[in-house]
Structures are given as structure tokens and as C-alpha cells.
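Here the structure is laid out as C-alpha cells; the discussion comes afterwards.
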Amino acid sequence: MPKKRVAILISGRGSNMVALIDAAKGIDFPAEIALVVSNEPAAQGLERARAAGIATAVVDHRPYGTDRAGFERALQTAIAPHGIDLICLAGFMRLLTPWFIGQWERRLLNIHPALLPAFKGLDTHARAIAAGAKQHGATVHFVVPEMDSGPIIVQEAVPVLPDDTEATLGARVLAAEHRIYPQALRMVAEGRAAESR
Ligand code: GRF
Numbered sequence: 001m002p003k004k005r006v007a008i009l010i011s012g013r014g015s016n017m018v019a020l021i022d023a024a025k026g027i028d029f030p031a032e033i034a035l036v037v038s039n040e041p042a043a044q045g046l047e048r049a050r051a052a053g054i055a056t057a058v059v060d061h062r063p064y065g066t067d068r069a070g071f072e073r074a075l076q077t078a079i080a081p082h083g084i085d086l087i088c089l090a091g092f093m094r095l096l097t098p099w100f101i102g103q104w105e106r107r108l109l110n111i112h113p114a115l116l117p118a119f120k121g122l123d124t125h126a127r128a129i130a131a132g133a134k135q136h137g138a139t140v141h142f143v144v145p146e147m148d149s150g151p152i153i154v155q156e157a158v159p160v161l162p163d164d165t166e167a168t169l170g171a172r173v174l175a176a177e178h179r180i181y182p183q184a185l186r187m188v189a190e191g192r193a194a195e196s197r
């Protein structure tokens with residue numbers, strides 16, 4: 001089986017991207033990271049991708065203003081020449097429209113720093129602490145038009161400890177993210193992830 005070709009979309013530091021790049025170095029890993037795209041020209045992750053010898057592209061959303069469709073067409077144009085099979089969102093901070101999501105149905109993955117369906121949206125660690133949750137964690141899921149929804153591929157729970165701050169809990173969750181994103185990508189690339197729910 002040829003390896004699936006993966007594009008990773010980022011906006012920031014790209015630690016999940018690095019976890020995927022590192023996993024994909026494995027000779028038996030069923031996917032290769034062919035492209036990293038950032039909507040932020042200054043994203044730290046771009047440097048890390050270049051250092052790993054991976055093709056990068058920047059599609060800055062700002063010139064498009066409220067024209068989401070125009071931004072997404074530019075994104076598709078950047079991705080198209082690379083023969084991409086799967087897209088992983090990894091800290092990509094733009095909401096995607098149903099049009100783009102439809103182009104990549106069941107081929108578009110996201111990682112969210114909470115145990116979905118709990119704590120969709122932002123500031124998940126602070127909200128988990130404020131809610132008195134005893135468990136928190138991370139989820140990799142297929143993307144559907146509704147934000148932070150869609151079939152779950154892999155989750156990992158971590159404990160919320162009595163003295164946790166947003167930072168300490170966030171670090172524990174991030175370590176889990178770095179374990180489960182490569183697992184989830186492997187499952188999808190091998191056709192072993194749930195296709196329906
Ligand atoms: C991660 O916590 C991810 O779950 C969330 O944004 C953060 C991105 O971090 N969507 P990084 O850029 O992968 O380091």
C-alpha cells in the first residue's frame with residue numbers, strides 16, 4: 001500500500017504537527033507528511049516544518065477579510081499540486097465552511113484539547129477546572145460543519161489534579177494530544193477508523 005499523503009494545517013507553534021512528523025518517520029507508518037500550510041505567516045510551526053525538510057505554504061487569511069470562500073479557494077489551490085489524501089488540522093485557528101469540509105469528507109481530521117462532547121470551543125482547560133471536572137483529555141475526530149463535532153477517532157483521558165492550573169493541566173493534555181494524533185492518523189490511513197456514527 002502506498003503511504004497516504006498528508007497536509008497539516010497550522011496557525012501557531014505546531015507541536016502536534018511535530019508529533020505527526022516524528023511518527024511519520026517510522027518506516028511502517030502508513031502516511032507521510034507532504035505539506036504544511038499556515039494561515040499565519042509568522043507561525044513558529046513553519047520554521048519547524050522547514051527544518052524537517054517538509055514543503056510549506058502560507059495562505060494568509062487577512063487579505064480575504066470576511067471572504068471565507070475566497071480564503072478557502074486559495075487554501076485548496078495551495079494544497080492541490082501536492083496530491084494530498086488526508087488533511088490534519090493541528091492548532092489551525094480558522095473555522096472552515098461546509099464547502100471546504102465537503103471537499104474533504106472523512107479525510108479531514110482535527111484535534112481538540114478536551115474530551116468531546118465536553119468543552120467544545122476555546123479555553124477548555126480553564127473551563128474544565130472551573131467545572132470541577134475530575135477528568136479531562138484530548139480528542140481526535142473527523143471534521144463536520146458543526147464545530148468540534150463529528151465522529152470521534154481516538155480519545156485519551158487525563159486526571160484533573162487538585163492543584164492544577166490551566167498551565168499544568170494544559171501540559172498534561174498536550175502530552176496526550178501528541179500520543180493520540182499519530183494513533184488516529186495511523187487508523188485513518190489504514191482505513192481502520194469509524195466511518196459512520
Ligand atoms: C492544541 O492544544 C490543539 O488541541 C488546539 O490548539 C493547540 C495547538 O497546539 N486545537 P500546537 O500548535 O499543536 O502546539
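Going letter by letter, the sequence shown gives residues 1 to 197 in our numbering. Think of the CB as a built atom: it goes at the ideal place given N, C-alpha and C, for glycine as much as any other residue.
C-beta atoms of residue i and residue j nearer than 9 Å
i	j	result
Gln186	Ala52	According to the sequence as given, residue 186 is Arg; it is not Gln. No, the pair does not count as a contact, with Cβ atoms beyond the cut-off.
Ser38	Ser11	yes
Leu115	Val140	no
Ile129	Ala7	no
Gly45	Ala74	no
Ala158	Ala184	Residue identity check: residue 158 is Val in the sequence provided, not Ala. Cβ distance not < 9 Å, so Val158 and Ala184 don't count as in contact.
Arg107	Phe71	no
Glu156	Ala138	yes
Status (buried if at least 16 other CB within 10 Å, exposed otherwise) for residue i
i	result
Trp99	exposed
Ala49	buried
Ala19	buried
Glu105	exposed
Glu190	exposed
Leu169	buried
Gly26	exposed
Ala131	exposed
Thr124	buried
Leu96	buried
Pro63	exposed
Residues of its chain near residue i, where Cβ-Cβ distance is below 7 Å and the 5 sequence neighbours each way are ignored
i	result
Lys3	Pro30, Ala31, Glu32
Asp60	Asn39, Pro41
Asp148	His112, Leu116, Lys120, Gly121
Val188	Leu86, Leu109, Ile153
Asp164	Ile129
Pro182	Ala19, Leu20, Ala23
Contact set for residue i: own chain, Cβ-Cβ below 6 Å, skip 5 residues either direction
i	result
Ile54	Ile33, Val36
Met1	none
Ile79	Ala7
Lys134	Val160
Ile21	Ile33, Ala52
Of the residues the options, the one placed nearest residue i, counting alpha carbons only
i	options	result
Arg179	Met1, Arg13, Ile152, Ala23	Ala23
Met17	Arg192, Ala193, Val188, Leu174	Leu174
Arg192	Lys134, Ile153, Asp163, Ala171	Ile153
Phe92	Lys134, Ala80, Asp164, Leu9	Leu9
Glu146	Ala78, Ala126, Gly102, Pro81	Gly102
Gln76	Val58, Thr66, Ala133	Val58
Pro162	His136, Pro182, Gly150	His136
Proximal residues to residue i (C-beta, below 8 Å), its chain only, five neighbours per side dropped
i	result
Thr56	Leu35, Val36, Val37, Ser38, Leu46, Ala49, Arg50
His82	Arg5, Ala7, Ala34, Leu35, Ala55
CB contact below 9 Å: residue i versus chain B
i	result
Ile129	Note that chain B does not occur in the displayed structure, where there is just one protein chain.
Residue i beta carbon near ligand 2 (any heavy atom closer than 8 Å)
i	result
Phe71	What this structure holds is ligand 1, not ligand 2.
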